[in-house]
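To start, the structure itself, in structure tokens.
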Amino acid sequence: KNEVEQSPQNLTAQEGEFITINCSYSVGISALHWLQQHPGGGIVSLFMLSSGKKKHGRLIATINIQEKHSSLHITASHPRDSAVYICAGSGGGADGLTFGKGTHLIIQP
Amino acid sequence: NAGVTQTPKFQVLKTGQSMTLQCAQDMNHEYMSWYRQDPGMGLRLIHYSVGAGITDQGEVPNGYNVSRSTTEDFPLRLLSAAPSQTSVYFCASRRRATQYFGPGTRLTVL
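If you're matching them up, the sequences are chains A and B in order.
Following the numbering used here, the numbering of the first sequence begins with 1123 at its first residue and continues without gaps.
Following the numbering used here, the numbering of the second sequence begins with -4 at its first residue and continues without gaps.
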């Protein structure tokens, strides 16, 4: 059974700080997704990684396949970045994603 | 494009009642799925479909039925609602590696 573990569960930081959220995953997972869920509940896909690194604006996602570990970084954090960030693994098959429990991020002004 | 739409947004049921949560997408995606989200737990896969006429069970399928008669629609049926099915339900479709989620349905079973 695929498993995904995220840390930390909760993170509060000051505006401008560099944020890192970590995700470890099990052997059967071949791609890692990062998602964002805002307080209104909507879920948005941020990145999908199977190797290397991706960047979009102030968001950077990295993955280390050997260590089965991925990180999501936010540079120059802003209160509008406050959300739940979720990592999820896919095994390359037809079935859906296996989700971590999410990291609740609060950026204070 | 409306993306992935779900109805209703909110629903309250009594134990034993049945209902259908609607999900539709206008992006011509073959793959669709249903998840439930509970406090303290990650989203969990209920059922998924890789195309019209093809469905399969996910991690937590008991108490739910699905069908996929068209590419656009993927309804989720609760056969006899139980308090354990109180949750937020998300429908999603996928193109290649990107998942598109609906806005969710908050269901309470009394």
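A virtual CB, placed ideally from N, CA and C, is assigned to each residue, including glycine.
Inset, instruction - Run down chain A in chain order and give the residues with a C-beta less than 9 angstroms from the C-beta of residue 53/B. - result: Proximity of chain A to residue 53/B at the Cβ level (cut-off 9 angstroms) is accounted for by 1217, 1218, in chain order.
Legend entry - 7 angstroms Cβ shell around residue 1136/A - same chain, five flanking residues per side excluded: 1230.
Legend entry - Contact set for residue 1193/A: own chain, Cβ-Cβ below 6 angstroms, skip 5 residues either direction: Answer for residue 1193/A: 1142, 1144, 1184, listed in chain order.
Inset, instruction - Give the residues from the region 1192 to 1209 of chain A that approach chain B closer than 8 angstroms (Cβ to any Cβ), ordered along the chain. - result: Of all residues in the region 1192 to 1209 of chain A, the ones placed with a Cβ closer than 8 angstroms to any Cβ belonging to chain B are 1208, in chain order.
Inset, instruction - Would you mind reading off the limits of the beta strand (DSSP E) that contains residue 82/B? - result: Boundaries of the beta strand (DSSP E) harbouring residue 82/B: 82 to 90, taken from the DSSP string.
Inset, instruction - Answer with buried or exposed for residue 1225/A, where buried requires no fewer than 16 other C-beta atoms within 10 angstroms of its C-beta. - result: Sixteen is the threshold: when 16 or more other Cβ atoms of the shown chains lie within 10 Å of the Cβ of residue 1225/A, as they do, the residue is buried.
Legend entry - C-alpha distance - residue 66/B paired with residue 1177/A, whole-angstrom precision: Taking the straight line joining both Cα atoms gives about 33 angstroms.
Inset, instruction - Report yes or no: do three or more beta-carbon pairs, one from the region 1123 to 1130 of chain A and one from the region 1200 to 1213 of chain A, lie closer than 8 angstroms? - result: As far as the Cβ criterion goes, the region 1123 to 1130 of chain A touches the region 1200 to 1213 of chain A, which means the pair count is three or higher.
Inset, instruction - Quick one: grab the DSSP three-state call for residue 31/B. - result: In the three-state scheme derived from DSSP, where H, G and I count as helix and E and B as strand, residue 31/B is classed as strand.
Legend entry - Three CB pairs or more closer than 8 angstroms across the region 0 to 8 of chain B and the region 1188 to 1205 of chain A: Touching, no.
Legend entry - Per DSSP, cross-strand counterpart(s) of residue 115/B: As displayed, chain B neither begins before -4 nor continues past 105, which places residue 115/B out of reach and without an answer.
Legend entry - Stretch-stretch touch, CB-based, cutoff 8 angstroms, three pairs: the region 83 to 100 of chain B with the region 29 to 36 of chain B: Using a C-beta cut-off of 8 angstroms, the region 83 to 100 of chain B makes contact with the region 29 to 36 of chain B, since at least three inter-stretch Cβ pairs fall below that distance.
Legend entry - Where residue 6/B meets chain A, residues with beta-carbon distance less than 9 angstroms: Here the premise fails: no neighbours, minimum Cβ distance about 15 angstroms.
Inset, instruction - Using the Cα positions of residue 7/B and residue 102/B, report the straight-line distance between them to the nearest angstrom. - result: Computed Cα separation, rounded: 6 angstroms.
Inset, instruction - Going by DSSP, name the residue or residues bridged to residue 46/B. - result: DSSP lists 49/B as partners of residue 46/B.
Legend entry - Burial state of residue 41/B (16 or more Cβ within 10 Å): So residue 41/B ends up on the buried side.
Inset, instruction - Compare the C-beta of residue 1152/A against all C-beta atoms of chain B and say whether one is closer than 8 angstroms. - result: Residue-level contact check: residue 1152/A does not touch chain B, since none of the beta carbons of chain B fall below 8 angstroms from its beta carbon.
Inset, instruction - Quick one: list the residues of chain B neighbouring residue 1259/A, beta-carbon separation under 8 angstroms, in chain order. - result: As displayed, chain A neither begins before 1123 nor continues past 1231, which places residue 1259/A out of reach and without an answer.
Legend entry - Range covered by the beta strand (DSSP E) that runs through residue 72/B: That run of the beta strand (DSSP E) goes 71 to 73.
Inset, instruction - Rank 1196/A, 1140/A, 1188/A, 1155/A by C-alpha distance to the C-alpha of residue 1171/A and give the top, closest one. - result: Cα-wise, what sits closest to residue 1171/A is 1155/A.
Legend entry - Identified DSSP bridge partners for residue 1123/A: Answer by DSSP bridge pairing: none, since residue 1123/A is not bridged.
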